[in-house]
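What follows is a single structure, written as structure tokens, with notes after it.
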Amino acid sequence: LPVKHELCCYDDLPYEEEIIRNPYSVKCWIRYIEHKQNAQKSVLNMIYERALKELPGRYVHVIFIVNYIHTMQNVHIFSCKIQLQLWHELCDLISQNPDKVTSLKVGAIIRGGLTRFTDQLGKLWCSLADYYIRSGHFEKARDVYEEAILTVVTVRDFTQVFDSYAQFEESMIAAKMETTSELGQDEDGDIDLELRLARFELLITRRPLLLNSVLLRQNPHNVHEWHKRVKLYEGQPRQIINTYTEAVQTIDPLKATGKPHSLWVSFARFYEDNEQLDDARTIFEKATKVNYKQVDDLAAVWCEYGEMELRHENYDQALRILRKATAIPARKAEYFDSSEPVQNRVYKSLKVWSMLADLEESLGTFQSTKAVYDRIIDLRIATPQIIINYAMFLEEHNYFEDSFKAYERGIALFRWPNVHDIWNTYLTKFIDRYGGKKLERARDLFEQALDRCPAKYAKTIYLLYAKLEEEYGLARHAMAVYERATAAVEPEEQHQMFNIYIKRAAEIYGVTHTRAIYQKAIEVLPDEHARDMCLRFADMESKLGEIDRARAIYSYCSQICDPRVTAHFWQTWKEFEVRHGNEDTIREMLRIKRSVQATYNTQVNFMSSQMLKATGTANRRWINPPIELLEQKAQQLAAEAEQDKPKPKDKILFVRSDTSRSELAELAKQANPDEIDIDDEDEDAEDGEPDEVQLEQKSVPTAVFGGLKDD
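full-length UniProt numbering numbers the first residue of the sequence shown as 1 and each following residue consecutively.
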């Protein structure tokens, strides 16, 4: 039986037997420590000390045990893969004490950590270099630093290594300068100092390029970083060529971040700038065979290829390149079929076809250009602008009917709203060409354009249609078009459309013809615009001398004019009555005003009561408001009523119902001194008993009787 320690218990016997059989097994000691994790600290310390005595040659594990012998509270941590921290502590210990570590292969130990912890390399590399520095092997330390900055893959590790490397070179320079100052200058010492300074300057200069290398090691398919690398080699043609070559060979277009075709284009442009067109063409030819991820990338390469030839005035070569790009492949494929290579789909690229169409217009013949546009339409890749360009091209060559056919082909390709520009241009060109010569055909075109036309785009077409009828057709047809337009446009455009309709009707038929238009506008438009129409309608009737009509319009409009909001309307009506009314009309206006205000007050009170009911018991305290709120509301209403009283400086304002008859008569007389004062016996029906009429006797002039009366 094993010899039991005095602090051990019966449950410890299996572990004691195991460490007696395997005293050099670290796992056995670890299991024993885990078993005693809840024991007193003194018991754990005793087991650690026994392990130290039995494991003198296990340097790594001894360091681990020593580190935790006084600080470890939870022994379970001892068995978890926190090994990275242990490696750092080990590296610090052996790198800072190289003269005391003689039985270990430090390089192999640290490099073992480098292979295990690939995301935490900076500290381990620095520890290895520090070991060689403290050992006096400076060249080995430089080799370690160089190896590190060329292999790390994170900016954090690179920063740690580079800063440590720069600090090392600075310390070497400082040490050399200190030695020189103590021992004096000599030729060899000066050369060595200059060498160290040059090495340090080169290191600082290399930093952007080294950092770029780190980023490319992270993602070798990063197009942007390759472009940055080329800029870092500015002024070094051979390095630039090597960088471009490495970039296009390394990047996988399907995995690329950015536009991989831009590297090929920049590579060719570099040769072009150095007047090596044959090499540039070779680069472009190779670029057209790359299997890009997007068709647009290959299309951009073909277009840049053609642009290069144009810059050097090789026009025939540019045409040949773009015709080759748009040639039908042996195996056709749909544009968005990603299972097919882009070379089989680029023939449907509108970008290439558009450039070819431009070149054909400038350099080719009429037939070749027409064939290109026809091919674009047949492939169903045209845009509205392409259709318009085609039609304009035909028009420039006096093929007017062919241009109209081009518009019609475009109309068949597109729907609203994409077809709007085509219709707008087509109708304008047709009217400019034929005017009223083909009026029925023009009408058919307009009707076709307006069929299923969204309200957003209807206004322009209706105005163009109405203009056609005014200039070449019938006035009543034009009015019918305006009538349709007021109902077809968007609600926010109806007001403007009615204004145009009224203006044109007044110019063609006279202002009296606009009455029906005004009436419809008032019925259709929202209140805000209906009020404006009413005011304009009433003003027109006033100018025509139709005072009763104008007054009826004001009376109708008053029902949608809250006096608290639309003060302008009531002021306008008041001024109208001052100019054209009398005591009765003023009284009626005031009565209507009070009635309308009462109606709006009732609506507000009803809405308030509904809102209070909706709040339920949560806001029950507002259903029976305090007496202070009621008094405050009463004072507010009294103040509003006080504002309605006529002011001395304004003879006629808002006349209240309790105004005396004499005051009203005086105001009416001042407003219209030529009015004949005729009392109406029915005007006092609201007041109860009529007031006494004061009669005044006047002498009759003699001229009235003529010769019937003696002197």
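For each residue, glycine too, the CB sits at the ideal point set by N, CA and C.
Using a Cβ-Cβ cutoff of less than 7 angstroms, which residues in the same chain neighbour residue i once the five nearest sequence positions on both sides are dropped?
i: Cys397; result: Note that residue 397 corresponds to His in the displayed sequence, not to Cys. Excluding positions up to five away in sequence, the list reads Phe366.
i: Glu493; result: Lys459
i: Asp252; result: His221
i: residue 715; result: Because the chain spans 1 through 711 in this model, residue 715 falls outside it and cannot be assessed.
i: Leu121; result: Leu114, Val152 and Asp157
i: Phe400; result: Arg433
i: Ala488; result: Ala455, Ala458 and Tyr462
i: Ile563; result: The question names Ile, yet the displayed sequence has Pro at residue 563. Closer than 7 angstroms at Cβ, skipping near neighbours: Trp570, Lys593, Val596 and Gln597.
i: Tyr390; result: Tyr373 and Ala406
At which residues does the alpha helix (DSSP H) containing residue i begin and terminate?
i: Tyr335; result: Looking at the DSSP string, Tyr335 is not in any alpha helix (DSSP H), and its letter there is neither H nor E.
i: Arg504; result: Pro491 to Tyr509
i: Thr369; result: Phe366 to Asp378
i: Asn242; result: Pro237 to Thr250
i: Pro14; result: Leu13 to Arg21
i: Phe430; result: His420 to Tyr434
i: Phe284; result: Leu277 to Ala287
i: Phe168; result: Val155 to Leu183
i: Leu535; result: Asp527 to Lys543
i: Phe138; result: Phe138 to Ile149
i: Glu313; result: Per DSSP, Glu313 belongs to no alpha helix (DSSP H) and is neither H nor E.
i: Thr572; result: Ala567 to His580
i: Phe446; result: Leu439 to Leu450
i: Ile29; result: Inspection of the sequence shows that residue 29 is occupied by Trp rather than by Ile. Where Trp29 is concerned, the enclosing alpha helix (DSSP H) stretches over Val26 to His35.
i: Arg331; result: No alpha helix (DSSP H) contains Arg331, which DSSP labels as neither H nor E.
i: residue 718; result: Past the boundaries of the shown model lies residue 718; the chain is included only from 1 to 711, so the question cannot be answered.
i: Asn45; result: Lys41 to Glu54
i: Ser354; result: Leu350 to Leu363
i: His477; result: Ala475 to Ala488
i: Gln519; result: Arg515 to Val524
i: Thr512; result: Where Thr512 is concerned, there is no enclosing alpha helix (DSSP H), given that its DSSP letter is neither H nor E.
i: Lys123; result: Leu121 to Ser135
i: Ile109; result: Val106 to Arg116
i: Lys459; result: Ala455 to Tyr472
If you reduce the DSSP assignment to three classes, tell me which class residue i lands in.
i: Thr257; result: strand
i: Gln385; result: helix
i: Asn398; result: coil
i: Asn222; result: strand
i: His76; result: Only weak support exists for where His76 lies, its pLDDT of 36 falling under 50; the value from the coordinates is given anyway. Here His76 sits in helix by DSSP.
i: Arg621; result: Since pLDDT at Arg621 reaches only 38, below the 50 mark, its modelled position is unreliable, and the value read off the structure follows with that caveat. Of the three classes helix, strand and coil, the one that applies to Arg621 here is helix, per DSSP.
i: Glu234; result: coil
i: Phe270; result: helix
i: Pro208; result: helix
i: Asn291; result: coil
i: Val152; result: coil
i: Glu546; result: coil
i: Leu601; result: Sequence inspection shows Asn at residue 601; the Leu mentioned does not correspond to that position. It is helical.
i: Phe414; result: coil
i: Asp186; result: coil
i: Pro690; result: Any reading at Pro690 is ruled out, since the residue's pLDDT is 39, under 50, leaving its predicted position unreliable.
i: Arg320; result: helix
Please go through the same chain and pick out, in chain order, the residues whose beta-carbon is closer than 6 angstroms to the beta-carbon of residue i, but skip the five residues on each side of it.
i: Leu350; result: Ile381
i: Thr514; result: Ile502, Ala505 and Ala506
i: Tyr10; result: none
i: Thr599; result: none
i: Ile508; result: Ala475
i: Glu18; result: Cys28
Throw me the rounded Cβ distance for the residue i and residue j pair, which I believe falls under 8 angstroms.
i: Trp302; j: Ala268; result: At roughly 12 angstroms, the Cβ-Cβ gap does not stay under 8 angstroms, so Trp302 and Ala268 are not in contact.
i: Arg536; j: Cys557; result: Going by Cβ atoms, the distance from Arg536 to Cys557 rounds to 11 angstroms, so no, they are not a contact pair.
i: Ser127; j: Ser171; result: At roughly 17 angstroms, the Cβ-Cβ gap does not stay under 8 angstroms, so Ser127 and Ser171 are not in contact.
i: Ala480; j: Met497; result: The Cβ separation is near 14 angstroms, so there is no contact.
i: Arg541; j: Ile522; result: It is worth fixing the name first, because residue 541 is Glu in this sequence and not Arg. In fact, because the Cβ distance is near 13 angstroms, the residues do not count as touching under 8 angstroms.
i: Lys348; j: Leu319; result: So it is not a contact: roughly 20 angstroms between Cβ atoms.
Near residue i, which residues of its chain fall below 8 angstroms by C-beta distance, leaving aside the five closest residues on each side in sequence?
i: His61; result: Model confidence at His61 stands at a pLDDT of 46, short of 50, so the residue's coordinates are unreliable and nothing is read from them.
i: Asn219; result: Glu225 and Thr257
i: residue 724; result: For the chain, the structure presents residues 1 to 711; residue 724 sits outside this window and is missing.
i: Asn212; result: Glu225, Lys228, Arg229 and Leu232
i: residue 712; result: The structure shown has nothing for residue 712, since the chain only spans 1 to 711.
i: Leu445; result: Tyr426, Leu427 and Phe430
Any heavy atom of the ligand SAH within a distance shorter than 7 angstroms of the CB on residue i?
i: Ile133; result: The ligand SAH is absent from the structure shown, which contains no ligand whatsoever.
Item to check | Cβ contact (3+ pairs, closer than 8 angstroms) linking the segment 140-153 and the segment 178-192 | outcome: Contact between the segment 140-153 and the segment 178-192 is not established, with fewer than three Cβ pairs separated by less than 8 angstroms.
Checklist entry - Is the segment 327-334 close to the segment 354-373, with three or more CB pairs under 8 angstroms? => result Taking 8 angstroms as the limit for Cβ pairs, the verdict is that the segment 354-373 does not touch the segment 327-334.
Next on the checklist: Between the segment 256-269 and the segment 223-230, can you find at least three pairs of beta-carbon atoms closer than 8 angstroms?
Outcome noted: Taking a contact to require three or more Cβ pairs closer than 8 angstroms, the segment 223-230 and the segment 256-269 qualify as touching.
Next on the checklist: So, does the segment 305-315 touch the segment 290-297, judging by three or more C-beta pairs under 8 angstroms?
Outcome noted: Verdict: no, contact absent.
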